[in-house]
Structure formats: C-alpha cells, structure tokens
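S.K.: Here it is, the structure, as structure tokens.
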Amino acid sequence: MKNKNGDLTVGQASELLGVTPRSIINYINAKEIEAVKVGKSWFIRRASLDSFSMRFGIGKDKMPDSSHEKSEKSFRKDSESSEKGSEKGERSKKTFSVKNLRLFVKAKDILGVLDFNHSETTTNTKNRLENLKLSAIELLGAGYYSYEPRNKMNLYNESRQKVGAILALSYFNLSDSGDYQKIIREIEDDLLPAYSALIKRMDRRNEKHKSI
Numbered sequence: 082m083k084n085k086n087g088d089l090t091v092g093q094a095s096e097l098l099g100v101t102p103r104s105i106i107n108y109i110n111a112k113e114i115e116a117v118k119v120g121k122s123w124f125i126r127r128a129s130l131d132s133f134s135m136r137f138g139i140g141k142d143k144m145p146d147s148s149h150e151k152s153e154k155s156f157r158k159d160s161e162s163s164e165k166g167s168e169k170g171e172r173s174k175k176t177f178s179v180k181n182l183r184l185f186v187k188a189k190d191i192l193g194v195l196d197f198n199h200s201e202t203t204t205n206t207k208n209r210l211e212n213l214k215l216s217a218i219e220l221l222g223a224g225y226y227s228y229e230p231r232n233k234m235n236l237y238n239e240s241r242q243k244v245g246a247i248l249a250l251s252y253f254n255l256s257d258s259g260d261y262q263k264i265i266r267e268i269e270d271d272l273l274p275a276y277s278a279l280i281k282r283m284d285r286r287n288e289k290h291k292s293i
C-alpha cells in the first residue's frame, strides 16, 4: 500500500519498473531514486521514480521513442539496452552484465576480429592499435556499470574517441588488403554511428531530466 503521502513501497516500485526489489534498493543507495526510510521500510517518491524511469527508459509504461534518425531507430531499444538488458537478466535470475548492451556486442564483433599482428606496420604502431582497442572495450564496461548518467555518457564518449583513433591510425598505417579494409569500413559505417546514436539518446534524456 502507498503511505499517507502517496509514496510507494519497494515492492510497488519494483513492479512498476519490472525489476527486482533488490535492484530498487541498489538504485536508492546509489542516490538514483529518492526515498525515505521509516523503520526497516523504504518509501519512494513517485515523482522521483517517474523521473528515473524516463531517464533510463525502463518501466512497463515508458513512452515510445519518436526519433526519425536512421541510426536512432537501429538502437531505440538500447536505452542503453544496459537497463533493459538488466531487467531481463534480473527477471530471469541472470547476472547483470555488459553482454546485454547491444553496442558492446557490436564492438566485440567488429573489433574482436581486428588483428594487427599480421599487418606490415611497425611494432610500436601495432601495440598502440591493440592498446586503443582494449581501452575502447574497457571504457564501454566502465560506462555500463556507472550509476551516474552523465558519467556513463562521458565514458561511452571516451570509448568512441578510442575507436576513432583506431580508424585514423588504420587508414594511415595498414595496407589496402581486402580483409583490413572490410573491417575498417565496418568501424566507420556501423560501429561509430552506433556510438553516436546511443550517446545522443542519452544526452537527450539527461536534458529532459534537467527540465523536470
């Protein structure tokens, strides 16, 4: 039941968002949702819960995306699919994992097959490219597991910058062989736009949250 101020219990909030009660407690402890503790029970501000749902695109009654950009349509369920993926994972009792982020899957598929050891460039350049590749993946993971929305978006943007550096160095140093060029085109035409779509989507959500 709601308390006399109209606040929600943890159970009611978990039902509205479609996540476990433990996740609600975690969001409260991370200061993502406003709540007050009375005895052993938490009571959650409905306005704060609604704002959280809009910001992260989770909840059974979230509004559909109205974007008309091609890249945004491809990633409209990404929200980052980190949140949606975590909901599905929690409901099926699976571990909250970056593997549920569609951008991570795309980066793994494209960058994972980019092997610089067989290129004809210098050892230093090979090492630099490999380090950039690993840094891009690390930053995706760091962003996914960050609670603060602005910090999350900034980490994803840093990861995108690493991928951009890989692209530039690859054009400059790697041969024009078919295998390398195919992967480089996938980075430029598929992976980088995916980053942009997700970051722009998060930025719009952050701006909407500020105006609430």
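Here the sequence shown is numbered in the working numbering, starting from 82 and rising by one per residue.
Beta carbons are placed, not taken as given, at the ideal position from N, Cα and C, and that holds for glycine.
With ALA295 and TYR228 assumed to form a contact (beta carbons below 8 Å), what rounded beta-carbon distance in angstroms separates them?
M.R.: Since the first and last residues shown for the chain are 82 and 293, residue 295 lies out of range.
S.K.: Pick helix, strand or coil for THR204, following the three-state DSSP scheme.
M.R.: Looking at THR204 - three-state DSSP - the assignment turns out to be helix.
S.K.: Per DSSP, what kind of secondary structure is SER178 in: helix, strand or coil?
M.R.: SER178 falls in the coil class under three-state DSSP.
S.K.: When DSSP labels each residue in this structure, what does PHE185 get in the three-state scheme?
M.R.: Helix, per DSSP.
S.K.: Taking DSSP's pairing of strands, which residues face ALA278 in a bridge?
M.R.: In the DSSP output, where bridge partners are listed per residue, ALA278 has none listed.
S.K.: Going by the DSSP bridge assignment, what does ILE268 pair with across the sheet?
M.R.: Paired residues: none, contrary to the question.
S.K.: For ARG127, which residues in the same chain have their Cβ closer than 8 Å to its Cβ, ignoring the five residues on either side in sequence?
M.R.: Same-chain partners within the cutoff: GLY87, ASP88, LEU89.
S.K.: I'd like the span of the alpha helix (DSSP H) that includes SER294, first residue to last.
M.R.: Because residue 294 is not part of the residues shown, which for the chain are 82 to 293, the question remains open.
S.K.: Report the CB separation of LYS187 from ALA275 in whole angstroms; it is logged as a contact under 8 Å.
M.R.: With 8 Å as the limit, LYS187 and ALA275 qualify as a contact, their Cβ atoms being about 5 Å apart.
S.K.: So GLU239 and LEU213 are supposed to be a Cβ contact under 8 Å. How far apart are they, rounded?
M.R.: That belief does not hold up - the Cβ atoms of GLU239 and LEU213 are roughly 11 Å apart, past 8 Å.
S.K.: Does the Cβ of GLY224 have 16 or more other Cβ atoms within 10 Å, making it buried, or fewer, making it exposed?
M.R.: When all chains shown are included, GLY224 counts as buried.
S.K.: Find the nearest neighbour of SER132 within the set GLY120, VAL119, TRP123, TYR108, judged by alpha-carbon distance.
M.R.: Comparing Cα-Cα distances from SER132 to each of GLY120, VAL119, TRP123, TYR108, the minimum goes to TYR108.
S.K.: If you drop the 5 nearest sequence neighbours on each side, which residues of the same chain put their C-beta closer than 8 Å to that of PRO305?
M.R.: Residue coverage of the chain in this structure runs from 82 to 293, which leaves residue 305 outside it and unanswerable.
S.K.: Considering only residues of the segment 111–138, which uninterrupted alpha helix (DSSP H) runs meet the minimum length of 4 residues and lie entirely inside it, listed in chain order?
M.R.: Taking only runs of at least 4 residues, the alpha helix (DSSP H) segments lying wholly in the segment 111–138 are 127–137.
S.K.: Buried or exposed: which applies to VAL100, given that a residue is buried once 16 or more other Cβ atoms fall within 10 Å of its Cβ?
M.R.: Counting Cβ neighbours within 10 Å, VAL100 comes out buried, since at least 16 surround it.
S.K.: If you reduce the DSSP assignment to three classes, tell me which class LEU195 lands in.
M.R.: Coil, per DSSP.
S.K.: Would you kindly report the start and end of the unbroken alpha helix (DSSP H) that includes GLY245?
M.R.: Where GLY245 is concerned, the enclosing alpha helix (DSSP H) stretches over 230–254.
S.K.: If the criterion is Cβ atoms closer than 9 Å, does the pair LEU195 and LEU182 meet it?
M.R.: Their beta carbons are not under 9 Å apart, which means LEU195 does not touch LEU182 by this criterion.
S.K.: Count the other C-beta atoms from every protein chain shown that fall within 10 angstroms of the C-beta of LEU97, then say buried if there are 16 or more, exposed otherwise.
M.R.: It counts as buried.
S.K.: Leaving aside the five residues before and after SER251 along the sequence, list all residues of the same chain whose C-beta is less than 6 Å from its C-beta, in chain order.
M.R.: Correct list, in chain order: ILE265.
S.K.: Which residue wins for smallest C-alpha separation from GLN242, given the options LEU255, ALA116, ASN254, GLU269?
M.R.: When only C-alpha atoms are compared, the closest one is GLU269.
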